[in-house]
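In our numbering, the protein residues as written are 147 to 462.
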């Protein structure tokens, strides 16, 4: 499917981007059931035999509950967290390897949403990236961009040149808009707000004019910093709001309270990954240039398990 805008040249309509219809249909091509099987697929099978799969696309639904059945009942406006990865370019025109045994990759967060296709009128997935991207010779600018513009652009897109995997994570506690007393917030909106700040910093190089990848500054480091800031901001908003605390205390069995408990659990688990052993970078807290610092430990009472459904869109 040719997407994005079209331009007319000599009576011919020329598309500038490509978005494979099958890849974004709600019905997955494959389903993986169970937490262990799902983790094994995400960690290993999703990237296995990549050279042999060149030129293929695949959508996979990972269900943690292990129950076979219909795909999730999607509705227009349903939102998911997107985690984007791409691998290196191999073959005769392979990219140089700065470190033996490694290739250059990329990571980004984004937003997945169920929309109605204007051409087919069917429901489909839409992927929008929040690209924290350093300055580069490929014409890619740090900012929010559609899948068809970033991956499928016929001039500078990565479609057909790199292995790409987009993970759409469906966690109700993350996509819900909370109304706790007089406090209203959306975790996905707050993450986007933090990424907007980070993307703007990358466009200007923090005022230096150049955003260069270093061990302490990169797409994954600073996307993670935006996630860390999101967790801290939401924690401060809720803990600092007496009406929100009172509402939670007065409605212990409300579905929204249960979702919020899942959100707290998710935040604590992510915090453990972002600041293992309580060690954090102070520039994540104070926007400074030093490298390490100490973050207070969290209480174990705040930790809970959660489950989710994940959809993987893979292009090789």
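Backbone N, C-alpha and C define an ideal beta-carbon position, used for all residues, glycine too. Only a predicted model underlies this, so the values are computations on that prediction, with no experimental measurement involved.
With a cutoff of 9 Å on beta-carbon distance, residue 276 and residue 289 are scored as near each other.
As computed with DSSP, residue 271 is found in a beta bridge with 260. In this chain, the beta strand (DSSP E) harbouring residue 230 covers 225–232. Taking a C-beta distance under 9 Å as the contact criterion, residue 225 and residue 278 do not qualify as a contact pair. For the pair residue 311 and residue 274, the Cα-to-Cα distance works out to about 14 Å. Residue nearest to residue 314 within the set 361, 282, 254 and 362 is 254 (criterion: CA-CA distance). For residue 417, the uninterrupted alpha helix (DSSP H) run begins and ends at 401–420, by DSSP. Going by C-alpha positions, residue 268 is about 13 Å away from residue 169. For residue 167, the number of other beta carbons within 10 angstroms of its own is below 16, and it is reported as exposed. With a beta-carbon spacing of about 6 Å, residue 377 and residue 417 fall inside the 8 Å limit used to define contacts. The DSSP-derived three-state label of residue 371 is helix. For residue 183, the enclosing alpha helix (DSSP H) stretches over residues 181–189.
Per DSSP, reduced to three states, the secondary structure at residue 380 is helical. For residue 324, the enclosing beta strand (DSSP E) begins and ends at 324–326. The beta carbon of residue 381 is closer than 8 Å to those of 413 in its chain, skipping five residues each way along the sequence. Its chain contains 241, 249 and 250 as the residues whose beta carbon lies nearer than 6 Å to that of residue 234, once the 5 sequence neighbours on both sides are disregarded; these appear in chain order. Rounded to the nearest angstrom, the gap between the Cα atoms of residue 198 and residue 324 is 45 Å. With a contact defined as Cβ atoms closer than 8 Å, residue 256 and residue 228 qualify at about 3 Å. Counting the other Cβ atoms within 10 Å of the Cβ of residue 360 gives fewer than 16, which makes it exposed. Going by C-alpha positions, residue 350 is about 7 Å away from residue 357. In summary, residue 238 is exposed, with fewer than 16 beta-carbon neighbours lying within 10 Å of its beta-carbon over all protein chains present. About 5 Å separates the Cβ atoms of residue 232 and residue 308, confirming a contact at the 8 Å cut-off. Using a C-beta cut-off of 8 Å, the region 280–300 makes no contact with the region 178–185, since fewer than three inter-stretch Cβ pairs fall below that distance. Spanning the alpha carbons of residue 306 and residue 252 requires a straight line of approximately 16 Å. Per DSSP, reduced to three states, the secondary structure at residue 346 is helical.
Contact between the region 334–344 and the region 390–410 is not established, with fewer than three Cβ pairs separated by less than 8 Å. Scanning 264, 329 and 303 for the CA closest to the CA of residue 392 turns up 329. Residue environment: residue 363 is assigned as buried (16 or more neighbouring CB atoms within 10 Å of its CB, all protein chains considered). Boundaries cannot be given for residue 352, as no alpha helix (DSSP H) includes it and DSSP labels it neither H nor E.
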